[in-house]
Each structure stands twice: as structure tokens, then as C-alpha cells.
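If you read the sequence shown in our numbering, its first letter stands for residue 1, the second for the next number, and so on.
All C-beta atoms, glycine included, are put in the ideal place defined by N, C-alpha and C.
Quick caveat: nothing in here was measured; it's all calculated off a predicted structure.
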Amino acid sequence: MATITSLKRIQPTALSKMLLSPDHDPTKIAIIDVRDDDYIGGHIKNAQNFPSRTLDATLPTLIRQLEDKPTVIFHCALSQQRGPSAALRYIRERDRLRAKKSQKQTSSEEKQEKEVEQTVYVLDRGFVGWQETYGTDERLTEGYRKELWEDGYWM
Numbered sequence: 001m002a003t004i005t006s007l008k009r010i011q012p013t014a015l016s017k018m019l020l021s022p023d024h025d026p027t028k029i030a031i032i033d034v035r036d037d038d039y040i041g042g043h044i045k046n047a048q049n050f051p052s053r054t055l056d057a058t059l060p061t062l063i064r065q066l067e068d069k070p071t072v073i074f075h076c077a078l079s080q081q082r083g084p085s086a087a088l089r090y091i092r093e094r095d096r097l098r099a100k101k102s103q104k105q106t107s108s109e110e111k112q113e114k115e116v117e118q119t120v121y122v123l124d125r126g127f128v129g130w131q132e133t134y135g136t137d138e139r140l141t142e143g144y145r146k147e148l149w150e151d152g153y154w155m
């Protein structure tokens, strides 16, 4: 079973290289931003916002939406609490549903669908760390408002 200590981390530089790679396929990577009221001042390009306070209700939808994504990256502002917690909840629920589906298919002898092997990461230092380097890079960041970040993270 996944634990907080077993979560994989990805550095902002590694993610930026992935996103800027000529081989990058946006259909293969999902970036999930779980910031709540602090989801202002910009976001990683093509990231989806699933506020942490609503994650319990939206988790089944999120799992269905991401089932074909080989790479899923969670983050919040600092990726110390909400981001890792969301990633852990996602992994556990995804694994529970996969096991249930596999058991059901085995018992009814249905044709088993091949599941996409999925790697889940937490963005190290969250959006705060991301924006320090890539905030003004429009290839990587959308809706960036530099004036909101000039005095550092305010929450």
C-alpha cells in the first residue's frame, strides 16, 4: 500500500523538460493542481484544478478521467500537505477500484482490459517553487500574475 514516504517526487526542472520536449504528448501527462482559494496568480499550463476541499466528491471522476494517463503529477502551493495527501488518496482509491474491477472480471470471466501503467508524482516545492523559475515562461505557465508573487507566498 502506498504511503506518504513512498510517494515519488518530481523536480520542477524535470517537469519543465518533460513539457518542453519535442516528443511531449499532452495526452500522456496530467497535472492536477489541488490548491483551493490560493489558486490565483497562475498555474502550470494545461493543469486541471481539483480543489482539495472537494476532492472526496470528485475523486471517482478524476480516476476515470486519468485512467489512460501514464504520468499524473499532483501539486498544491508548497506540495507539503494537500498535494501529497491528494496523490496518496488518488493512488489508494485507484488501486482499490482496479482490484475490485479485476476481481469482478475474474469471477465473471470477462475479457480483461489492459490497464495503463501509471506513475504518480508530487511536484517538489509545489507551485510556489515552480513560479520562482517558470512563472513568466508562457510556454509553461498560464495566467501568471507576477505582482501577486513579488512578496512571496502569502497564505
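Residue environment, residue i, which counts as buried when at least 16 other CB atoms sit within 10 Å
i: Q81; result: exposed
i: D33; result: buried
i: A87; result: buried
i: A57; result: exposed
i: R35; result: buried
i: I4; result: exposed
Test item: CB-CB of residue i and residue j under 9 Å
i: R9; j: D124; result: yes
i: L140; j: K45; result: yes
i: I73; j: V120; result: yes
i: L15; j: I31; result: yes
i: E115; j: E67; result: yes
i: D126; j: C76; result: Looking at the sequence itself, residue 126 is Gly, so the reference to Asp does not match. Yes. Within cutoff.
i: G83; j: V122; result: yes
Proximity to residue i [Cα-Cα], best of the options
i: Y27; options: Y90, F50, T71 and S102; result: Note that residue 27 is Thr in the sequence shown here, rather than Tyr. Among Y90, F50, T71 and S102, the Cα nearest to that of T27 belongs to T71.
i: E93; options: L78, G152 and L62; result: L62
i: G41; options: G143, E150, R98 and G152; result: G143
i: T54; options: D37, D151 and I4; result: D37
i: R145; options: Q105, Q48 and Y39; result: Y39
i: L7; options: R89, A47 and D137; result: R89
C-alpha distance - residue i paired with residue j, whole-angstrom precision
i: P12; j: Q131; result: 9 Å
i: H43; j: P51; result: 13 Å
i: L148; j: K101; result: 45 Å
i: A2; j: S85; result: 11 Å
i: Q48; j: P22; result: 22 Å
i: I91; j: P60; result: 12 Å
i: E138; j: R64; result: 29 Å
i: H24; j: L97; result: 29 Å
i: T133; j: I29; result: 21 Å
i: A99; j: S79; result: 28 Å
i: E150; j: Q103; result: 53 Å
i: K17; j: Q105; result: 39 Å
Strand pairing of residue i, partner residues [DSSP]
i: Q158; result: Beyond the ends of the chain as shown, which are 1 and 155, falls residue 158; an answer cannot be given.
i: R82; result: Paired residue(s): none; R82 is not in a bridge.
i: I10; result: L123
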